[in-house]
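First up is the structure itself, then whatever we jot down about it.
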Amino acid sequence: MNLQDALQKLSPKKHAFTIEGVEFFIHRARTRDLDKLHNPITTITVCTCDENGDPIFSTEDIEGRINLNALDSQIINQIIDAIMKLYATEDPVDHIEKK
269 MNLQDALQKL SPKKHAFTIE GVEFFIHRAR TRDLDKLHNP ITTITVCTCD
319 ENGDPIFSTE DIEGRINLNA LDSQIINQII DAIMKLYATE DPVDHIEKK
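Each residue of the sequence shown is one higher than the last, beginning at 269 in this note's numbering.
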């Protein structure tokens, strides 16, 4: 078994998401980030990325990232809704037999 291949297959899958003509990726949270899902803003920071997997949003002014606190709340709601739908969607990995 190739562990790197297994890690890639079992990691959260990126899904393209476009809002107001801006494309980025959303994904389910990694295990290490589960405690951050209690708040919509922190959920967005850990469940979004660019094409390289790098974070694009933050909760403060950081160069190279968008401060979520400056965005329209309706935009935040649309992103959160899309992320939550990922949890309602089945993944092929959900059907793998567990031993």
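Backbone N, C-alpha and C define an ideal beta-carbon position, used for all residues, glycine too.
CB contact flag (residue i, residue j, <8 Å)
{"i": "T316", "j": "F292", "result": "yes"}
{"i": "P308", "j": "I348", "result": "yes"}
{"i": "R300", "j": "L354", "result": "no"}
{"i": "T313", "j": "L305", "result": "no"}
DSSP three-state assignment for residue i, whether helix, strand or coil
{"i": "I287", "result": "strand"}
{"i": "I312", "result": "helix"}
Own chain residues within Cβ distance below 8 Å of residue i, not counting five before or after
{"i": "D318", "result": "F292, F293, I324"}
{"i": "I343", "result": "I287, E288"}
According to DSSP, residues forming a beta bridge with residue i
{"i": "N335", "result": "S326"}
Residue interval of the alpha helix (DSSP H) (run including residue i)
{"i": "M352", "result": "341-356"}
{"i": "A274", "result": "271-278"}
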